[in-house]
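Numbering (my numbering), first residue to last: 9 to 306.
Shown next as structure tokens:
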């Protein structure tokens, strides 16, 4: 602690006095000592954010891919170059095949995300605000977290068949678990002093939820939402390759049969764009809603 105080006072440009010596004690006729130079302030944070800085990484990956293809390092039979992929994407768009499959995939992912977010939040609220709900719900959901949703595919196919209902259910299960875990952890992590303060102010249940529970659980909710969006795309990739007749995954599976790596990459790029854009959208909403927070994310 003494060393810390010494550093602070030296940095501020205030020289330390010797013990027992008065502050203005100087030799007669001596000139006052010049002030100590102010030390440069060390920045410990990640630095200032750059607009659209998150695009730098993907752009570098594409540039490296383009360069490796241009110098002939990549075998086009195994991995097509960016020029071929762009040409194939243009052909798929002009024929309408890409748009049709994209719309179907977006519908599946959107329905799974909606049902998963709704179920996960409701279960988290029931378990986080009630001991009875915690005892009844938390145990089974923690067990479900240890079981991947894809491991339940055989059972879900047996129950629901191979239609759209099964596909949406698989996506929703992956989303719901992520939403529940993060929202529940955020709810149970609210400082008990806020609860005591709400009780001291004699707030009603509705006021307590609106003024304490909702603000306290929003950070965890948005973390769960980001993970849930990612889980929806991961689940979509798998279910669209199981006896599907449409969707981006089906288009990629068909291209695999004919060794069309350019079509497969078009599908992967589409998945990547939608995943990146949806995560960016959630981030933007999070910054807007949680504008009162100051974090390293900026």
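C-beta: ideal position from N, C-alpha, C; glycine also.
- Contact holds between the segment 114-134 and the segment 165-179, because three or more Cβ pairs, one in each stretch, are under 8 Å apart.
- In the three-state DSSP reduction, residue 248 falls in the coil class, being neither helix nor strand.
- The residues 257, in chain order, have a CB closer than 6 Å to that of residue 245 in the same chain once the five nearest residues on each side in sequence are set aside.
- If you draw a 10 Å sphere on the C-beta of residue 192, you find 16 or more other C-beta atoms in it, and that means buried.
- Contact between residue 182 and residue 240 holds, since their C-beta atoms are separated by about 7 Å, short of 8 Å.
- Contact between the segment 268-276 and the segment 90-109 is present: three or more C-beta pairs spanning the two stretches fall below 8 Å.
- Here residue 131 has 145, 188 as same chain residues with Cβ atoms under 6 Å from its own Cβ, once five neighbours each way along the sequence are excluded.
- Apart from the 5 residues on each side of it in sequence, residue 243 sits with its Cβ closer than 6 Å to the Cβ of 178, 179, 182 in its chain, given in chain order.
- The beta carbon of residue 224 sits closer than 6 Å to the beta carbons of 198 from its chain, once the five residues preceding and following it are set aside; these are given in chain order.
- Cα atoms of residue 248 and residue 196: separation of roughly 37 Å, rounded to the nearest angstrom.
- Under the three-state reduction of DSSP, residue 167 is assigned to helix.
- Taking residue 293 as the centre and dropping the five residues before and after it, the same chain places the C-beta of 230 closer than 8 Å to its C-beta, in chain order.
- Only buried fits residue 112, as 16 or more other CB atoms lie within 10 angstroms of its CB.
- Considering only 254, 234, 133, the residue with the shortest C-alpha distance to residue 114 is 254.
- Distance check between residue 282 and each of 58, 110, 125, 299 places 110 closest, using alpha-carbon atoms only.
- Counting only the Cα atoms, residue 149 lies some 12 Å from residue 127.
- A straight-line Cα-Cα distance of about 49 Å links residue 142 and residue 265.
- Boundaries of the alpha helix (DSSP H) harbouring residue 273: 269-297, taken from the DSSP string.
- A distance below 8 Å between beta-carbons, with the five flanking residues on each side excluded, links residue 85 to the following residues of its chain, in chain order: 267, 269.
- Here DSSP, grouped into helix, strand and coil, assigns residue 266 to coil.
- Of the other Cβ atoms in all chains shown, fewer than 16 fall within 10 Å of the Cβ of residue 251; this residue is therefore exposed.
- DSSP places residue 177 in the helix class (H, G or I) of the three-state scheme.
- When the five nearest sequence neighbours on each side are left out, the beta carbons in the same chain lying within less than 7 Å of the beta carbon of residue 279 are those of 241, 245, 256, in order along the chain.
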